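A.B. asks: Here it is, the structure, as structure tokens.
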């Protein structure tokens, strides 16, 4: 689990976020290689953490290197995470919990319905044998 702290603004406090096995493995490798002293992701100075703005710049640079033309932000990654969970069949209530939303309406806004998901829906009529018998 990862302790996520927020200070200032409307949302303050601390929440625990479960890490995927892949993310945990990556972070363990990162920790072993760089051995950060205070912050997991240090800023330009070891006594400061990586700023939100810097994370955005890193993402922007990665998109340029990958030749991604869309305007992508860290929030886009969060939205994509929720959308992929929904498309893979994860219940909306679980997604709500993972995203830390108190209100399910917030999660519903996050997760737009994709045409890919709609195309997979089978009509209940398809389960009936309505062909004329004769």
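Residue numbers (full-length UniProt numbering): 1 to 134.
Heads up, the beta-carbon is just placed ideally off N, CA and C, and yes, glycines get one too.
All values reported here derive from a predicted model rather than from experimental measurement.
So, at 7 angstroms on beta carbons, what are the nonlocal neighbours of residue 37 in its own chain, with the 5 sequence-adjacent residues on each side left out?
C.D. replies: Same-chain partners within the cutoff: 46.
A.B. asks: Measure the C-alpha to C-alpha separation of residue 59 and residue 120 and round it to an integer number of angstroms.
C.D. replies: Cα to Cα, residue 59 sits roughly 32 angstroms from residue 120.
A.B. asks: Reducing DSSP to helix, strand and coil, say where residue 130 ends up.
C.D. replies: Coil.
A.B. asks: Taking CB distances under 8 angstroms as the criterion, tell me whether residue 128 reaches chain D.
C.D. replies: Among the protein chains of the structure shown there is no chain D, as only one such chain exists.
A.B. asks: Since residue 17 sits in a beta bridge, which residues does DSSP pair it with?
C.D. replies: BP columns for residue 17 point to 2.
A.B. asks: Assuming residue 104 and residue 85 are in contact, meaning their beta carbons sit under 8 angstroms apart, how far apart are those beta carbons, in whole angstroms?
C.D. replies: Contact doesn't hold; Cβ gap of about 14 angstroms is too wide.
A.B. asks: Please name the residue or residues paired with residue 49 in a DSSP beta bridge.
C.D. replies: Residue 49 pairs with 42.
A.B. asks: Rounding to the nearest angstrom, what Cα-Cα distance links residue 34 and residue 51 in this structure?
C.D. replies: The straight-line gap from Cα to Cα measures roughly 18 angstroms.
A.B. asks: Please list the terminal residues of the continuous alpha helix (DSSP H) segment that includes residue 87.
C.D. replies: 74–87 is the extent of the alpha helix (DSSP H) around residue 87.
A.B. asks: Please check the pair residue 135 and residue 56, which I expect to be a contact at CB under 8 angstroms, by giving their CB distance rounded to whole angstroms.
C.D. replies: Only positions 1 to 134 of the chain appear in the structure, and residue 135 is not among them; the question remains open.
A.B. asks: Would you kindly report the start and end of the unbroken alpha helix (DSSP H) that includes residue 104?
C.D. replies: Residues 104–110.
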